[in-house]
Structures are given as structure tokens and as C-alpha cells.
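There are 2 protein chains.
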Amino acid sequence: MLQTGSSVSTRESIHKAATRLFRSRGYSRTTVRQIAAEAGTDPALVIRHFKSKELLFLETMHLTLDDEPLLDVPLEHLGEGLAELLLDLGGSARGVFLALVHGSNEPHIHDRLRDTHEHLFVEPLRRRLDGPDADVRARTAAAVAGGLLYALWVAGDQGLLRMDRAELVSRYGALLQDVLTPRTS
Amino acid sequence: MLQTGSSVSTRESIHKAATRLFRSRGYSRTTVRQIAAEAGTDPALVIRHFKSKELLFLETMHLTLDDEPLLDVPLEHLGEGLAELLLDLGGSARGVFLALVHGSNEPHIHDRLRDTHEHLFVEPLRRRLDGPDADVRARTAAAVAGGLLYALWVAGDQGLLRMDRAELVSRYGALLQDVLTPRTS
DNA sequence: GAAGTTCGGTCAACAATGTTGACTCCCGCT
DNA sequence: AGCGGGAGTCAACATTGTTGACCGAACTTC
């Protein structure tokens with residue numbers, strides 16, 4: 001009983017420490033021994049509990065998006081809503097996203113990033129659209145959304161980073177809106 | 001004389017092997033010993049010539065874009081021209097881009113990626129634009145361009161990958177064009 | 001209650017990694 | 001002839017992820 005309790009708690013300690021470290025330092029720069037130290041346990045136990053560093057990474061790095069706000073917003077303001085959502089995406093989401101992108105040299109992490117992109121960006125948008133090219137529009141909008149995160153976080157475009165949030169929302173919102181519901185000009 | 005010749009040739013052998021390996025396997029998955037083996041020399045010499053694995057990476061991974069085609073194309077077709085350029089970007093550019101993105105957990109590589117994004121995408125576009133918000137439009141277009149490469153290569157969106165190239169060019173070209181020279185509607 | 005099995009924990013070791021230092025060798029200059 | 005410097009070789013180091021051997025405590029079974 002004490003054993004089980006201890007095991008659960010150390011397993012959770014490892015999970016918590018790994019989450020924090022992977023988020024803040026990425027995959028390659030966090031070490032199993034660091035995780036073990038921060039969890040107050042042994043490196044061997046980290047592997048015993050999670051099989052490998054990579055599986056531990058996959059178990060901890062889940063990127064979820066609170067897309068309920070997007071369900072309510074009317075279709076003609078979906079672009080702006082998505083832009084707001086992206087720009088409000090705070091620290092923890094940033095860390096997970098960057099960890100996935102950086103780590104996606106590893107095949108399994110790449111798979112995880114692909115899945116994340118698919119059902120974090122593509123699917124929610126796809127569900128709101130109609131028409132024969134609804135899929136293409138959803139994927140294009142997802143690419144544009146990913147491009148914003150890429151420019152801000154991966155490439156670190158200082159010009160965009162220093163921009164007024166309201167103007168970025170307005171510009172990117174209009175852009176996304178044009179992709180989602182094209183003007184028939 | 002023979003020494004110098006030998007040194008230059010081994011240095012170039014290392015350079016060539018490193019370029020190939022970094023492009024095809026990325027930063028973390030290529031090893032100094034692999035580079036040395038492929039160059040037919042010793043791991044220690046690799047370090048002696050290039051100081052460290054990271055400096056060797058930075059010396060070999062330069063992403064250049066043949067943007068002369070973009071200089072000729074009239075402003076009203078710049079979007080389409082850029083889209084064509086991006087979608088024709090072949091294997092070697094893909095490898096370098098992915099290596100930079102994946103490796104950009106390392107601060108110096110991140111700097112390199114930021115510079116590359118800046119004077120590969122932002123600057124050429126910026127040069128073609130006028131008006132008070134020319135900088136923002138150039139940066140937004142660069143983010144959209146990066147988003148395409150992100151969606152195709154980093155996230156690996158199968159839907160976009162399977163799309164007809166002509167339709168992708170047309171769609172993304174129009175999208176980029178709207179960012180670069182907005183319709184005043 | 002005793003024996004055994006199982007499970008969490010500790011420790012030492014392994015192979016592979018990037019990197020360094022000692023040593024050899026050979027060319028070109030004095 | 002000697003020698004100084006640069007290229008190459010080799011062994012070693014610390015650090016990485018991972019594994020196996022042992023230990024001890026608790027639950028199960030007789």
C-alpha cells in the first residue's frame with residue numbers, strides 16, 4: 001500500500017518534472033537525470049516508469065486548445081476569433097508547441113505534431129465550413145494559423161512580436177476570414 | 001604543400017559530408033563520428049577544423065533562395081510568383097529548412113533561423129512594397145509563406161501534400177497577393 | 001505464521017556522444 | 001642539420017540514455 005502510494009506519487013513527480021522541463025528547455029536539452037533530480041528520484045526509475053525518454057516526452061507533451069470560444073462565434077467572425085485565440089495562447093502552449101516542433105526530427109514526435117496540427121487546427125475549422133473545397137479552405141487556414149505561430153515563436157520575427165496585439169488580431173483575423181469564407185470578388 | 005593540399009581537401013571532405021548528413025538526418029541525429037567516417041577522417045579532426053559540431057552546422061547550413069525570378073515579376077503577380085517559388089523549393093532547401101527548424105532549440109541555430117527568415121522572406125518582399133504599412137505587409141506575407149513550408153514540411157499536412165500543385169499555387173498565390181497588395185474593398 | 005512472488009527503489013555499469021590532450025610525422029625554413 | 005608548425009592518430013574524459021543485479025517491503029498462498 002505504501003509502495004503503491006509511493007509509486008504513484010513518484011510517477012506523478014516524474015510526470016510533473018518532465019512536463020515542466022520539456023516545456024521550458026525542449027526535448028534535446030532536458031536530460032533524464034535532470035528530470036530524476038527534480039522529481040527527487042533515480043534516473044533508472046524514470047526509464048522504468050515510462051520505458052524511454054521519448055515515450056515520457058510523448059506522454060507529457062499534449063497540446064490542447066480551448067476551442068469552445070470558436071463554437072459560439074458566428075461564421076463571419078471566425079477568422080478574428082481564431083486570431084484572438086492564437087495570440088492569447090500563453091506560455092504553456094508555447095512551450096509544448098516549440099518542444100513538438102523542435103523535437104519533430106524524431107519520427108514519433110513528428111507523428112504527434114502532425115496529429116496535433118490536424119485535430120487542433122484543421123478539424124475544428126473543417127467542422128464549421130461547407131462546400132466542395134471546405135477541406136482545402138480548412139487546411140489552408142490551418143497553415144496560415146501555423147504560420148503565425150511559426151513566425152512568432154519559431155522564427156521569432158521581431159517586427160511581428162513588437163506589433164500591437166489589436167492590429168495583429170485585426171489583420172490576421174481578416175486574412176483568416178478571407179481564407180475561410182472567401183470574398184466572391 | 002602536400003599537407004596544405006591534404007588539409008584543404010579533408011576540410012572540404014568534412015564540409016561536404018556534414019552538409020549531406022545534416023540535410024538528410026538533421027542536427028541531433030547526425031553524429032560527429034558519422035561525419036568523420038563519411039569524410040574518411042578522424043572525429044578529432046572534425047572538431048579541430050570547425051571548433052564544434054554546432055559551428056560546423058552553422059557553417060554548412062545556409063538557406064539561400066533564388067529570388068531573381070521575383071524581381072522580374074510584376075507587382076500584381078508577386079503572390080503567385082512567391083507561391084511558385086516556395087512550391088518548387090526542392091530537396092536540398094527542404095533539408096536545410098527542416099534542420100534549422102529542428103535544431104533551433106539551440107540558441108545559435110535559432111538566431112540563424114531568425115536571420116534566414118528575415119532576409120530570405122521579409123527583405124525581398126519589403127523591397128517591393130510601398131506605403132506606411134509596407135513592413136507589416138511584408139512580415140505578414142513572410143509569415144504566410146513560412147506557414148506553407150511549416151504545414152507541408154514540419155507538420156506534414158497530408159491533405160495539402162496531396163493537392164494539385166497548380167491549385168496550391170493558385171490558392172496560395174491569391175492569398176499572398178491579398179496580403180501584399182490588399183484589395184481596398 | 002511461513003514461504004514465495006511481485007513491485008518500488010538503489011547502484012553500478014554499459015555503449016554512444018562531443019570534445020580534449022598527448023603523441024607522431026612530415027614538410028619547409030633557417 | 002636542425003627545428004617549428006601543422007596535419008593526423010589514438011586514447012581518454014565527462015555526459016548522455018538505458019539496462020541488469022541486488023535489496024527490501026508488502027501482498028498472496030499454503
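Chains Z and H, in that order, give the protein sequences. Under UniProt numbering, think of the first position of the first sequence as 1, with each following residue one higher. Under UniProt numbering, think of the first position of the second sequence as 1, with each following residue one higher. Cβ coordinates follow ideal geometry from the N, Cα and C atoms, glycine included.
query	result
Straight-line gap, L113(H) to L149(Z) (C-alpha atoms, nearest Å)	14 Å
Sequence-distant residues of its chain with Cβ nearer than 6 Å to L2(H) (five each side left out)	Because the pLDDT at L2(H) is just 35, under 50, the model does not fix this residue reliably, and the point stays unresolved.
Other residues of its chain near R165(Z): CB distance less than 7 Å, five sequence neighbours each side excluded	L87
Short CB-CB distance (under 8 Å) between D88(H) and chain Z	no
Boundaries of the alpha helix (DSSP H) in which L78(Z) is found, first to last residue	78-88
Beta-carbon proximity of L63(Z) to T19(Z), cut-off 8 Å	no
Buried versus exposed call for L55(Z) [16 or more other C-beta atoms within 10 Å across all chains shown]	exposed
Short Cβ contact (8 Å threshold) for S92(H) with R23(H)	yes
N- and C-terminal bounds of the alpha helix (DSSP H) containing R136(Z)	In the sequence under discussion, the amino acid at residue 136(Z) is Val, which differs from the Arg named in the question. Looking at the DSSP string, the run of the alpha helix (DSSP H) that includes V136(Z) is 134-149.
CA-to-CA distance, I14(H) to L71(Z), given in whole angstroms	55 Å
Reference T60(H), options T184(H), V46(H), G131(H), E68(H), closest by Cα	V46(H)
Backbone CA spacing between L38(H) and Y27(H) [nearest angstrom]	For the record, residue 38(H) in the displayed sequence is Glu; it is not Leu. Whole-angstrom Cα-Cα distance: 16 Å.
Reduced DSSP category for Y172(H) - H, G, I as helix; E, B as strand; rest coil	helix
Chain-ordered chain H contacts of G26(Z) [CB-CB under 7 Å]	N105
Cα-Cα separation between H110(Z) and T41(H), rounded to whole angstroms	33 Å
is_contact[L113(H), chain Z] using C-beta, thresh 8 Å	yes
Below-8 Å beta-carbon distance, Q3(H) vs any chain Z residue	Bear in mind that a pLDDT of 39 at Q3(H), under 50, signals an unreliable position, so the model cannot answer this.
Reduced DSSP category for V46(Z) - H, G, I as helix; E, B as strand; rest coil	helix
Close beta carbons around V8(Z), own chain, < 8 Å, minus the five adjacent residues each side	none
Under 9 Å by beta carbon: chain H residues contacting R29(Z)	N105, E106
Same chain only: Cβ atoms within 7 Å of V144(Z), ignoring 5 sequence neighbours per side	L175, L176, V179
Residue-level contact to chain Z via CB, R139(H), 8 Å cutoff	yes
Reduced DSSP category for D164(Z) - H, G, I as helix; E, B as strand; rest coil	coil
Rounded straight-line distance, which links the Cα of L168(Z) to that of G81(Z)	12 Å
Endpoints, alpha helix (DSSP H) assigned at P124(H)	123-128
Beta-carbon gap between L85(H) and T181(H) smaller than 8 Å	no
Residue-level contact to chain H via CB, M163(Z), 8 Å cutoff	yes
The ligand SAM heavy atom lying under 7 Å from the CB of A39(Z)	Here there are no bound small molecules, and the ligand SAM is not part of this structure.
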